[in-house]
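Worksheet for the structure shown next.
Protein chains in written order, with this note's numbering: chain A, 1 to 284; chain B, 285 to 556.
Structural data, given as structure tokens:
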């Protein structure tokens with residue numbers, strides 16, 4: 001394909017950037033994050049080597065790497081951390097998030113659709129959802145333990161309760177803002193009430209709802225350690241909590257980095273999904 | 285008109301009232317800040333089946349409201365609206381084309397047509413043929429897979445027209461559909477609408493503020509007064525219909541005379 005036709009295909013309004021400058025900007029996009037990471041590691045190493053703080057407080061990067069290898073392999077007859085590998089800890093936590101946030105997101109979408117279309121339902125539920133949203137998850141975790149015990153139930157419930165408000169709020173706002181002109185167009189074509197919900201309201205609200213889903217997964221993620229405070233092993237949050245009890249800073253850091261990196265990956269995937277599912281974002 | 289055209293037109297018209305519009309002493313008022321404003325009426329108007337009626341008037345004269353009453357989106361405060369002999373219902377009585385295309389951006393061009401076919405109760409197996417026919421009718425072959433925001437404003441309005449034709453309603457309502465388009469695109473679309481109306485034989489009510497557009501399209505023109513909208517002038521147009529040379533028609537002396545007459549009536553009605 002010639003470059004001329006390719007320029008045509010990108011459509012109007014886009015000026016093609018000359019090749020060398022584009023290569024430079026791409027190099028910069030890769031180099032900057034890696035550079036900052038290297039700089040961070042170097043600073044960390046220097047700080048640990050300076051001996052200002054004890055190794056218990058600030059272990060050097062090499063020790064954290066060793067801890068990472070330890071919890072990922074079997075050594076001296078010990079399998080990972082507390083009998084479970086790091087990936088397994090992470091996998092168990094991700095399953096809790098998938099279940100908990102999944103329930104919260106599903107409930108949020110249903111409530112959002114109802115509240116966005118029926119005015120009095122919105123007046124009825126909105127204060128409660130705002131109340132729930134401002135509460136830190138730890139505040140109601142104790143209550144969940146009293147009610148539901150210490151097994152999976154309180155953990156899943158906490159993650160569900162944390163994930164619910166962002167989706168409910170964003171969906172409500174999006175549904176209430178559906179252009180009436182498009183609703184009228186669907187009615188003029190002979191669409192029923194249900195057709196209007198299915199073919200206009202849901203797709204029109206979907207971009208905002210997906211933004212809410214990304215927020216919800218973020219909130220669930222940041223509630224993970226709280227959810228696994230009690231009886232959280234196996235689980236990545238439980239591992240961090242348990243290691244902290246023994247002043248095992250390297251494992252705590254391994255856990256924190258694992259949570260952070262997996263969170264980045266999941267957010268990246270959700271962003272991709274969003275772009276693929278709602279190409280009409282901003283076109284309504 | 286050739287004899288074959290007469291035959292098909294007769295065959296596709298089951299009853300004389302199908303697509304006919306009747307307004308009996310219609311008044312429309314709405315509340316604004318504690319006082320009621322009369323937007324329309326009283327209006328008495330009968331549009332026989334197959335007629336191409338153009339409603340002309342200055343902006344704010346209530347011509348869009350009148351169209352919304354015929355479409356069934358609004359109910360008259362007084363009087364009665366009848367379409368094909370019954371009270372109008374949105375989606376059942378007429379195909380509607382709005383000022384803006386109002387396409388669904390989450391659907392492609394094809395998807396926008398298909399949703400209309402589904403609402404019209406056309407069986408899924410027959411969608412491809414109907415879709416192809418509708419797109420051909422508005423000159424949009426080959427755009428099926430395009431996103432609605434990738435095509436030009438004129439093409440978007442063409443999709444909107446094809447979508448409104450999908451249910452094959454005997455009445456087509458158009459509310460200043462070409463106001464936002466450039467002059468050249470507007471003339472082309474006017475020619476297409478004139479041709480489509482002649483082909484389908486449907487009753488058409490077209491709202492515009494342009495005397496030029498009114499004379500080119502209408503077989504009858506009704507000029508509305510301003511606030512409230514009432515009938516100021518009811519004028520049959522005897523320009524040739526069917527297969528015509530649009531360029532020749534626009535440049536003809538009769539066309540110029542009619543346009544001047546309608547233009548004058550619009551100005552007088554707006555000032556009164």
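Each residue gets a CB set at the ideal place from its N, CA and C atoms; glycine is no exception.
Practice task
Please classify residue 282 of chain A: is it buried, with 16 or more other beta-carbons within 10 angstroms of its beta-carbon, or exposed?
Solution key: Residue 282 of chain A counts as exposed, since fewer than 16 other beta carbons sit within 10 angstroms of its beta carbon.
Handout entry: the stretch 381-400 of chain B in contact with the stretch 184-203 of chain A per 3-pair CB rule at 8 Å
Key = Cβ pair count under 8 Å is three or more, so yes.
Practice task
Consult DSSP for residue 229 of chain A and reduce its assignment to one of helix, strand or coil.
Solution key: Coil at residue 229 of chain A, not helix or strand.
Practice task
Might you give, ordered along the chain, the residues of its own chain that have their beta carbon closer than 6 Å to the beta carbon of residue 116 of chain A, omitting 5 neighbours on each side?
Solution key: Only 172, 175, 176 meet the Cβ criterion.
Handout entry: Rounded separation between residue 293 of chain B and residue 484 of chain B - CA only
Key = The predicted model places residue 293 of chain B with a pLDDT of 42, which falls under 50 and marks its position as unreliable; any figure quoted below should be read in that light. About 8 Å.
Problem - Closest by C-alpha distance to residue 219 of chain A, when choosing among A/180, A/276, A/137 - result: Of the listed residues, the one whose Cα sits closest to residue 219 of chain A is A/137.
Problem - Residue-level contact to chain B via CB, residue 187 of chain A, 8 Å cutoff - result: Chain B contact via Cβ: present.
Problem - Same chain only: Cβ atoms within 8 Å of residue 254 of chain A, ignoring 5 sequence neighbours per side - result: Here residue 254 of chain A has 64, 67, 68, 71, 86 as same chain residues with Cβ atoms under 8 Å from its own Cβ, once five neighbours each way along the sequence are excluded.
Problem - Cβ contact (3+ pairs, closer than 8 Å) linking the stretch 194-213 of chain A and the stretch 386-406 of chain B - result: Between the stretch 194-213 of chain A and the stretch 386-406 of chain B, the count of C-beta pairs closer than 8 Å reaches three or more; the two stretches touch.
Practice task
For residue 270 of chain A, name the three-state secondary structure that DSSP assigns.
Solution key: DSSP places residue 270 of chain A in helix when its eight states are reduced to three.
Practice task
Any chance you could list the alpha helix (DSSP H) runs of at least 4 consecutive residues sitting entirely within the stretch 461-506 of chain B, in chain order?
Solution key: Listed in chain order, the complete alpha helix (DSSP H) runs (minimum 4 residues) inside the stretch 461-506 of chain B are 467-484, 495-501.
Practice task
Give the residues of chain B in contact with residue 203 of chain A, contact being defined as C-beta atoms less than 9 Å apart.
Solution key: 388, 389, 390, 391, listed in chain order.
Exercise for the section: Report the rounded CA-to-CA distance for residue 346 of chain B versus residue 119 of chain A, giving the unit in angstroms. Expected result: Residue 346 of chain B and residue 119 of chain A: Cα-Cα distance of roughly 31 Å.
Handout entry: Cutoff 8 Å: residue 542 of chain B Cβ touching any chain A Cβ
Key = Output row for residue 542 of chain B: interface = no.
Practice task
Spell out whether any CB of chain B is found under 8 Å from the CB atom of residue 197 of chain A.
Solution key: False, the Cβ-Cβ gap to chain B never drops below 8 Å.
Problem - CA-to-CA distance, residue 275 of chain A to residue 488 of chain B, given in whole angstroms - result: Computed Cα separation, rounded: 42 Å.
Problem - is_contact[residue 182 of chain A, chain B] using C-beta, thresh 8 Å - result: For residue 182 of chain A, at least one C-beta of chain B is nearer than 8 Å to its own C-beta.
Problem - Interface flag, residue 53 of chain A vs chain B, CB-CB below 8 Å - result: False, the Cβ-Cβ gap to chain B never drops below 8 Å.
Exercise for the section: Answer with buried or exposed for residue 286 of chain B, where buried requires no fewer than 16 other C-beta atoms within 10 angstroms of its C-beta. Expected result: Confidence is the limiting factor: at residue 286 of chain B the pLDDT is only 42, short of 50, which leaves the residue's position unreliable, though a coordinate-based value still follows. Of the other Cβ atoms in all chains shown, fewer than 16 fall within 10 Å of the Cβ of residue 286 of chain B; this residue is therefore exposed.
Exercise for the section: Mind checking the stretch 412-433 of chain B against chain A and listing, in chain order, the residues whose C-beta falls within less than 9 Å of any C-beta there? Expected result: Of all residues in the stretch 412-433 of chain B, 431, 432, 433 have a Cβ within less than 9 Å of some Cβ in chain A.
Problem - Complete alpha helix (DSSP H) runs within the stretch 305-377 of chain B (minimum length 4 residues, chain order) - result: 347-355, all fully within the stretch 305-377 of chain B.
Exercise for the section: Say yes only if the C-beta of residue 394 of chain B is nearer than 7 Å to one or more non-hydrogen atoms of the ligand FAD, and no if none qualify. Expected result: The model depicted lacks the ligand FAD and carries no ligand whatsoever.
Practice task
Could you tell me if residue 29 of chain A is buried or exposed, where buried requires 16 or more neighbouring beta carbons within 10 angstroms of its beta carbon?
Solution key: Burial is judged here by how many other beta carbons sit within 10 angstroms of a residue's own beta carbon; residue 29 of chain A has fewer than 16 and is exposed.
Handout entry: When A/107, A/95, A/47 are compared against residue 227 of chain A, the one with the closest alpha-carbon
Key = Among A/107, A/95, A/47, the Cα nearest to that of residue 227 of chain A is on A/95.
Exercise for the section: Return the CA-CA distance between residue 338 of chain B and residue 508 of chain B, expressed in angstroms with no decimal places. Expected result: Distance between the alpha carbons of residue 338 of chain B and residue 508 of chain B is about 10 Å.
Practice task
Determine whether the Cβ of residue 275 of chain A lies closer than 8 Å to any Cβ atom of chain B.
Solution key: The beta-carbon of residue 275 of chain A is placed no less than 8 Å from the nearest beta-carbon of chain B.
Handout entry: Exposure label - residue 312 of chain B; buried when at least 16 CB within 10 Å
Key = Residue 312 of chain B is buried by the Cβ-count criterion.
Problem - contact_flag[the stretch 160-169 of chain A, the stretch 406-426 of chain B] where n(CB pairs < 8 Å) is 3 or more - result: Flag = no, the stretch 160-169 of chain A and the stretch 406-426 of chain B do not touch.
Handout entry: residue 167 of chain A versus residue 144 of chain A: straight-line alpha-carbon distance, rounded
Key = Rounded to whole angstroms, residue 167 of chain A to residue 144 of chain A spans 22 Å at the Cα level.
Problem - Buried/exposed call for residue 524 of chain B, threshold 16 Cβ in 10 Å - result: Residue 524 of chain B counts as exposed, since fewer than 16 other beta carbons sit within 10 angstroms of its beta carbon.
Practice task
May I ask you to verify whether the stretch 205-225 of chain A touches the stretch 72-82 of chain A, counting CB pairs closer than 8 Å and requiring at least 3?
Solution key: Per the Cβ contact rule, the stretch 205-225 of chain A is not in contact with the stretch 72-82 of chain A (fewer than 3 Cβ pairs under 8 Å).
Problem - Cβ pair count under 8 Å reaching 3, the stretch 341-355 of chain B against the stretch 396-407 of chain B - result: The way I'd put it, the stretch 341-355 of chain B doesn't touch the stretch 396-407 of chain B; fewer than three beta-carbon pairs between them come closer than 8 Å.
Problem - Inter-residue Cα distance where the pair is residue 405 of chain B and residue 196 of chain A - result: If you take the alpha carbons of residue 405 of chain B and residue 196 of chain A, they lie about 15 Å apart.
Practice task
At 7 Å on the CB atoms, spell out the chain A contacts of residue 374 of chain B, in chain order.
Solution key: Within chain A, the residues near residue 374 of chain B are 187, 188.
Handout entry: Neighbourhood of residue 364 of chain A by C-beta, 6 Å cutoff - its chain only, sequence neighbours within 5 removed
Key = In the structure as shown, chain A starts at 1 and stops at 284, and residue 364 of chain A therefore has no counterpart that could be examined.
Exercise for the section: For my contact list, residue 378 of chain B and residue 455 of chain B are in at a C-beta cut-off of 8 Å; report their separation, rounded to the angstrom. Expected result: That pair is a contact at about 4 Å.
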